[in-house]
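Position 156 of the sequence shown, counting from 1, maps to 156 under the working numbering, and the rest follow consecutively. Cβ coordinates follow ideal geometry from the N, Cα and C atoms, glycine included. Worksheet: one structure, shown below.
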Amino acid sequence: MDPRIARTQQSLQDALLELCRTEGFPTLSVSMIADAAGVNRSTFYQHYADKETLLADALDRFAEQAQSQLEADIESMGESDPRTLINRYFTHVQENSSLYQTVLSSAGSPVIVARLSDRIIQLATYGLSQPGATSAGSLPVNVRAASLAGSFIGILREWINMEPLPPAEDATAWAWAAMNAPVGSVD
Numbered sequence: 001m002d003p004r005i006a007r008t009q010q011s012l013q014d015a016l017l018e019l020c021r022t023e024g025f026p027t028l029s030v031s032m033i034a035d036a037a038g039v040n041r042s043t044f045y046q047h048y049a050d051k052e053t054l055l056a057d058a059l060d061r062f063a064e065q066a067q068s069q070l071e072a073d074i075e076s077m078g079e080s081d082p083r084t085l086i087n088r089y090f091t092h093v094q095e096n097s098s099l100y101q102t103v104l105s106s107a108g109s110p111v112i113v114a115r116l117s118d119r120i121i122q123l124a125t126y127g128l129s130q131p132g133a134t135s136a137g138s139l140p141v142n143v144r145a146a147s148l149a150g151s152f153i154g155i156l157r158e159w160i161n162m163e164p165l166p167p168a169e170d171a172t173a174w175a176w177a178a179m180n181a182p183v184g185s186v187d
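Take a look at the structure:
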């Protein structure tokens, strides 16, 4: 990708995330995002069809960074505790709680939830394919990964709407417990 394109997209993503923290996603307009990024509306539309696609890319970028960190941890240490990655993600969600409450609500964006699910499936598939990973019994790895993604998103949705919001460490423990629950045998 051309470095100028990458910079513009990152600038738009950063502006969107910052505005989401201060204004809330539903109230944002493309003009507000473009102004905050220091570009004009036509530049926005050269890169994104709408603010939902921009948000999906911004959240995907964070997930890509988390996956890269997991892979680097595994390469450098020979193994990595997945709870560290899970806690990093829940901490990110906690720091952007109003955004995720909107995104994961029933009025949220199905595109964003689908992309989040796909990314979690990729991470789970990667983790399940590592030496020493917990066996999924007779379940194919892709089915186990999809199951984990569904469970993770369910926990995320419930946790992000709790008042007061429990610490990210609690949500990490719940997700870890769900991921390590006994896997039934499918015959």
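Taking only the alpha-carbon atoms, compute the straight-line gap between residue i and residue j and give it to the nearest angstrom.
i           : j           : result
residue 105 : residue 22  : 19 Å
residue 5   : residue 30  : 18 Å
residue 181 : residue 88  : 21 Å
residue 48  : residue 165 : 33 Å
residue 12  : residue 40  : 11 Å
residue 50  : residue 103 : 15 Å
residue 36  : residue 42  : 14 Å
residue 142 : residue 38  : 42 Å
residue 101 : residue 161 : 7 Å
residue 124 : residue 14  : 27 Å
residue 8   : residue 44  : 9 Å
residue 83  : residue 121 : 16 Å
Quick one, which of the options has its alpha-carbon nearest residue i's?
i           : options               : result
residue 147 : 128, 15 and 112       : 128
residue 119 : 7, 58, 8 and 162      : 58
residue 64  : 115, 99, 17 and 81    : 115
residue 159 : 97, 140 and 121       : 97
residue 131 : 100, 81 and 161       : 81
residue 151 : 162, 161, 174 and 142 : 174
residue 172 : 85, 99 and 100        : 85
residue 99  : 7, 16, 8 and 10       : 16
residue 61  : 83, 90 and 10         : 10
residue 188 : 27, 91 and 179        : In this structure the chain extends from 1 to 187, so residue 188 is not present and cannot be described.
On the criterion of 16 or more Cβ atoms from any shown chain inside 10 Å, does residue i qualify as buried, or is it exposed?
i           : result
residue 46  : exposed
residue 34  : buried
residue 93  : buried
residue 177 : exposed
residue 144 : buried
residue 140 : exposed
residue 107 : exposed
residue 72  : exposed
residue 3   : exposed
Since residue i and residue j are thought to touch, with beta carbons under 8 Å apart, how far apart are those beta carbons, to the nearest angstrom?
i           : j           : result
residue 149 : residue 109 : Contact doesn't hold; Cβ gap of about 17 Å is too wide.
residue 19  : residue 32  : 6 Å
residue 155 : residue 113 : Actually they do not touch by this definition, with Cβ atoms about 14 Å apart.
residue 54  : residue 25  : That pair is no contact at about 10 Å.
*Can you list, in chain order, the stretches of the alpha helix (DSSP H) that have 4 or more residues and sit fully within the region 99-166?*
Those alpha helix (DSSP H) runs which fall completely within the region 99-166 and span 4+ residues are 110-128 and 141-160.
_Going residue by residue through the region 35-67, where are the continuous alpha helix (DSSP H) segments of at least 4 residues, counting only ones entirely within it?_
Within the region 35-67, the complete alpha helix (DSSP H) runs of at least 4 residues are 41-47.
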